[in-house]
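Below is one structure, written out as structure tokens; comments come after it.
Residue numbers (the numbering used here): 3 to 328.
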């Protein structure tokens with residue numbers, strides 16, 4: 003393949019090593035068998051069936067072909083390894099990344115991948131990031147909290163500093179949210195709770211001075227920069243009203259939020275437009291959230307967005323090619 007016209011940067015694959023480790027767990031999160039089907043359980047009755055498209059790469063490649071996705075950047079499904087003890091988390095993350103390296107080496111014209119990190123062991127996570135990138139992976143995915151603790155904890159700085167030194171992106175993806183008790187009704191966890199969690203995680207990192215400490219840091223906040231485009235003005239207003247509200251920043255919070263990279267996973271054209279208005283069209287990439295959502299939903303949303311031909315072409319491929327050096 004010589005031309006990548008549509009690159010999906012937000013697509014999930016549950017590596018065999020992680021699936022096996024989750025099946026071996028008695029405690030949550032885990033993979034269990036329910037009515038003859040396998041399901042991922044997170045807690046409080048939350049979870050989902052383990053679809054063939056999550057674990058069968060041939061199915062995923064066939065779906066890419068059917069939905070006209072030329073290239074995809076794989077990330078591993080939540081819950082990752084953050085809930086494992088340190089030794090198991092380190093070992094499983096390494097096995098997952100070796101599996102991903104093998105996959106992209108077998109499909110270099112179709113797939114890239116981001117590393118999975120054991121964030122409960124930050125020094126080892128930083129070392130694993132370096133090892134995985136040296137093996138060909140394109141940065142890392144981290145989750146919006148580390149098994150219930152905040153992502154901006156001081157000991158996690160080494161991971162982001164390492165990513166900055168390596169000049170690779172770090173995706174912030176939702177996991178079982180800190181607000182689970184308040185959003186554990188109806189479908190509020192996926193509808194709202196996930197986005198509250200990623201918005202808080204990114205904002206805490208930003209107010210904590212991640213860009214002041216590491217100006218070249220490439221944070222990728224998925225789902226159209228979550229809630230931050232809609233809240234940026236309010237964040238500026240409220241954070242500047244209170245002593246210490248802007249944290250370690252030497253600028254308005256919105257100026258740092260505008261440095262985020264993101265994807266087009268939002269369904270609603272108005273949300274995409276507000277995201278582009280904040281971060282610029284050059285920082286937004288095509289994403290589907292496969293297999294939970296399908297690429298056609300993003301294509302239909304882009305068709306309805308009014309986005310011009312040139313920025314749309316950049317969003318669908320060139321922005322990702324530049325960020326991930328594809």
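Glycine included, every Cβ here is placed at the ideal spot set by N, Cα and C.
Worksheet entry | Bridge-paired residues (DSSP) for residue 292 | 13
Fill in: residue 228 versus residue 35: straight-line alpha-carbon distance, rounded
32 Å
Fill in: Proximity of residue 17 and residue 78 at Cβ, strictly below 9 Å
yes
Discussion item. Suppose the cutoff is 6 Å on Cβ atoms and the five residues either side in sequence are ignored; what does the same chain contact list for residue 25 look like?
Written reply: 33
Worksheet item: Going by Cα to Cα distance, which pick from 270, 176, 286, 191 is closest to residue 220?
Response: 286
Item to complete: Tell whether a beta-carbon distance below 9 Å holds between residue 179 and residue 198.
Response: yes
Worksheet item: Nearest-angstrom Cα distance between residue 73 and residue 186?
Response: 35 Å
Item to complete: List in chain order: all unbroken beta strand (DSSP E) runs of 3+ residues lying wholly within the stretch 47–118.
Response: 48–51, 73–78, 113–115
Fill in: residue 39 - partner residues in DSSP beta bridges
36
Discussion item. Looking at residue 205: is its Cβ nearer than 9 Å to the Cβ of residue 255?
Written reply: yes
Fill in: Anticipated Cβ contact below 8 Å, residue 242 with residue 225, distance rounded
About 26 Å; that fails the 8 Å criterion.
Fill in: Proximity test, residue 241 beta-carbon vs the ligand PLP heavy atom, cut-off 8 Å
Absence of the ligand PLP is noted for the structure shown, with no ligands found whatsoever.
Discussion item. Residue 100 and residue 137 - do their beta-carbons sit closer together than 9 Å?
Written reply: yes
Worksheet item: Should residue 246 go down as buried or exposed, given a rule of 16 or more other Cβ atoms within 10 Å for buried?
Response: exposed
Worksheet item: Buried or exposed: which applies to residue 310, given that a residue is buried once 16 or more other Cβ atoms fall within 10 Å of its Cβ?
Response: exposed
Item to complete: Buried or exposed for residue 1, please, with buried defined as at least 16 other CB atoms from any protein chain shown within 10 angstroms of its CB.
Response: The requested residue 1 is not part of the displayed model; the chain covers only 3 to 328.
Worksheet item: Can you list the alpha helix (DSSP H) stretches of 4 or more residues lying completely in the stretch 195–226, in chain order?
Response: 196–209, 212–215
Worksheet item: Would residue 288 pass as a contact of residue 277 if the rule is Cβ separation under 9 Å?
Response: no
Item to complete: On a CA-only basis, which of 194, 323, 87 is nearest residue 27? Give me that one, please.
Response: 87
Practice prompt. With DSSP as the reference, label residue 185 as helix, strand or coil.
Written response: helix
Worksheet item: What are the boundary residues of the beta strand (DSSP E) that residue 253 is part of?
Response: Neither: residue 253 is in no beta strand (DSSP E) and is coded neither H nor E.
Worksheet entry | Closest residue to residue 216 among 167, 294, 115 (Cα-Cα distance) | 167
Fill in: Whole-Å CB distance - residue 115 paired with residue 131, under 8 Å assumed
Not confirmed; about 13 Å, so no contact.
Worksheet item: residue 54 to residue 248, Cα distance in whole Å?
Response: 45 Å
Practice prompt. Could you spell out the range, first to last residue, of the alpha helix (DSSP H) harbouring residue 161?
Written response: 159–168
Item to complete: Can you give me the start and stop residues for the alpha helix (DSSP H) that residue 156 sits inside?
Response: That residue, residue 156, is in no alpha helix (DSSP H); it is neither H nor E in DSSP.
Practice prompt. Go ahead and pull the three-state DSSP assignment for residue 121.
Written response: coil
Discussion item. For residue 191, report the span of its beta strand (DSSP E) as first-last.
Written reply: Run containing residue 191: none; DSSP gives neither H nor E here.
Fill in: Boundaries (first-last residue) of the alpha helix (DSSP H) holding residue 306
297–307
Worksheet item: Between the beta-carbon of residue 259 and the beta-carbon of residue 230, is there less than 9 Å?
Response: yes
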